[in-house]
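S.K.: So the sequence shown is numbered by my numbering: it starts at 129 and just counts up by one.
For glycine and all other residues, C-beta sits at the position ideal for the given N, C-alpha and C.
In this text the structure is predicted, and so the values were computed from the model without any measurement.
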Amino acid sequence: MDKKLFELGLSKRKATLGKEYVEKNLDAADEFNEDFQKQMTEWCWGFGWGDETIEAKTRSMMNLTMLAALGKMDEFEVHLKGALTNGVSINEIKSILHVIAIYCGVPQGVECFKIARMVLEEEGEL
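1. Ends of the alpha helix (DSSP H) at Thr186?
2. Alpha carbon to alpha carbon, what distance is there between Thr169 and Gly137?
3. Could you tell me if Leu208 is buried or exposed, where buried requires 16 or more neighbouring beta carbons within 10 angstroms of its beta carbon?
4. With three or more C-beta pairs closer than 8 Å as the rule, is the stretch 162-176 touching the stretch 201-219?
5. CA-CA distance, Gly199 and Gly178?
6. Is Ser139 helix, strand or coil by DSSP?
7. What distance in whole Å lies between the Cβ atoms of Thr144 and Ala184, which are believed to be in contact at a cut-off of 8 Å?
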């Protein structure tokens, strides 16, 4: 494990998803999934999110569209919260959801709008 990349990833992960959420997941790691949690933090968050070529806001917007296209709705919900943290506006989220509906199909757009409404209401944005 690259400790420097892990620490960078940990800071990026906490900045986007929230300290409590990240620590809860890391604390819940056991012998079965601890290595995965560490590698995901190092690779996805350290290597991927640690690359400053693409700002966090744009990266969040990209993630929302990719997760929707893959139908990974639990991750979509988590990253929608992160997108708000990274400065994605409600109007930008709405436009992203329109694009998702166009390219991934209306049923997927409907699902994304449902999740977005729930998250935005929870966050006090709607």
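M.R.: In short:
1. Residues Ala184 to Leu198.
2. Rounded to whole angstroms, Gly137 to Thr169 spans 5 Å at the Cα level.
3. The C-beta of Leu208 has 16 or more other C-beta atoms within 10 Å across all chains shown, which makes the residue buried.
4. Taking a cut-off of 8 Å on C-beta distances, the stretch 201-219 does not touch the stretch 162-176, as fewer than three cross pairs fall below it.
5. Each residue's alpha carbon lies about 25 Å from the other.
6. In the structure shown, Ser139 falls within a helical segment according to DSSP collapsed to helix, strand and coil.
7. So it is a contact: roughly 7 Å between Cβ atoms.
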